[in-house]
Amino acid sequence: MRQLTNKIALITGASAGIGRATALALAREGCRTILVGRRVDRLEKLKKEIENSYQQEAYVLELDIRKKEDVLSKIKKLPANWQAVDILINNAGMAKGISKMQDSNVDDWDTMIDTNVKGLLYVTYAIVPGMIERGRGDIVHLGSIAGHEVYPGGNIYCATKHAVHAIEKALRIDVVDTPLRVSSIDPGMVETEFSEVRLGDKEKAKAVYQGLKPLTGADIAELIVFVVTRPAHVQIGEMTVFPTAQASAMVAHRTK
Ligand SMILES: NC(=O)c1ccc[n+]([C@@H]2O[C@H](COP(=O)([O-])OP(=O)(O)OC[C@H]3O[C@@H](n4cnc5c(N)ncnc54)[C@H](OP(=O)(O)O)[C@@H]3O)[C@@H](O)[C@H]2O)c1
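Heads up, the sequence shown is in our numbering, so the first residue is 4 and it goes up one at a time.
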């Protein structure tokens, strides 16, 4: 197994859900973590938690990944001892709304495409050349079952997650002659702030997970640790993961 001690991991969307859990898990395994997101108060709290729980260094990078110039300049200007990112977790992402395409708020489309596709690309572009130069690096995308299937109300979110898959496969081709590895974790239902962001309502968000035991951010974080600790010659491609009570995007078993 590859050891993670003193590796630098940059996690986008570390202020909540899967990203937060992943930052904690990677720090626990010995990584120095760069915590990326817009809600800097939460990132500062997480940094303290990492320092106290794991005696590991963490660095807070306030960044809206939709802002191309900010992404490129802020990553370039990271302090010298944080520059050599070994592990990139492209996690920041979101869904907005569940309307039919013809009834949607078009601004929501822009938000999803700008975050899930363009933001992910900007961060990747800012980090991958350095990984190639250093001859090492793992890139893990947070895809989704929405990147494999399309479901009612999923339209543009599903399109962005299909795009994440295409980007993941394309990048794997583009770096095949390097030691870099490119992977995607594609979950079904994970209880985070995702549904609250999507539906804009706490109660409606709770109902999404009613009657079944959803995955947690920590479940996904453990898979990410697995992916980045495989021996150097082993590259995980795509990994789908569901709660046991979910079989596909549309099929879930709920108890009353
Ligand atoms: N939950 C699920 O059921 C599920 C299933 C499959 C895939 N996923 C994917 O998993 C990833 C993480 O989602 P989650 O469930 O952990 O949701 P979450 O709890 O809502 O967390 C989303 C994270 O993304 C960050 N983010 C959003 N827009 C950003 C921006 N413009 N710039 C920087 N950071 C931004 C948020 O931070 P700030 O608001 O502080 O910026 C937050 O930390 C997403 O890509 C999502 O599509 C989730």
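Beta carbons: idealized from backbone N, C-alpha and C, even for Gly.
Rounded to a whole number of angstroms, what is the C-alpha to C-alpha distance between T36 and D106? Here residue 36 refers to the residue found at position 33 when the sequence shown is read from its first residue. Here residue 106 refers to the residue found at position 103 when the sequence shown is read from its first residue. Taking the straight line joining both Cα atoms gives about 41 Å.
Helix, strand or coil: which one does DSSP assign to N93? Walking along the sequence shown from the start, residue 93 turns up at place 90. Correct three-state label for N93: strand.
So, using beta-carbon positions, are A19 and T219 closer together than 8 Å? Position 16 of the sequence shown, counting from 1, holds the residue named residue 19. Position 216 of the sequence shown, counting from 1, holds the residue named residue 219. Not closer than 8 Å, so no.
Measuring CA to CA, which of M134, G40 and Y128 is closest to G96? Locating residue 96 in the sequence shown gives position 93, counting from the first residue. Answer by Cα proximity: G40.
Does the beta-carbon of V200, which I'm using as the reference point, lie nearer than 7 Å to any heavy atom of ligand 1? For this step, residue 200 is matched to residue 197 along the sequence shown. Correct: V200 has its Cβ closer than 7 Å to ligand 1.
Own chain residues within Cβ distance below 6 Å of V231, not counting five before or after: Taking the first residue of the sequence shown as 1, we reach residue 231 at position 228. Cβ neighbours of V231 beyond the five flanking positions: I90 and D141.
Segment contact flag, the region 73-92 with the region 126-135, C-beta cutoff 8 Å, min 3 pairs: yes
Between G203 and ligand 1, is there a pair consisting of the residue's CB and a ligand heavy atom that are separated by less than 7 Å? Translated into positions along the sequence shown, residue 203 becomes position 200. Outside the cutoff, so no.
If we call anything under 8 Å between Cβ atoms a contact, is Y62 one with L29? Here the question's residue 62 lines up with position 59 in the sequence shown. Here the question's residue 29 lines up with position 26 in the sequence shown. No; because the gap between Cβ atoms is not below 8 Å, this pair is not in contact.
With a threshold of 7 Å, establish whether the CB of S186 neighbours any heavy atom of ligand 1. For the purposes of this step, residue 186 is identified with residue 183 of the sequence shown, where counting begins at 1. Flag unset: Cβ of S186 not near ligand 1.
Taking R156 as the reference, which of I14, K103 and L226 has the closest Cα? As a working note, residue 156 is residue 153 in the sequence shown. Here residue 156 turns out to be Gly, not Arg, going by the sequence shown. If we check each option's Cα against that of G156, K103 comes out closest.
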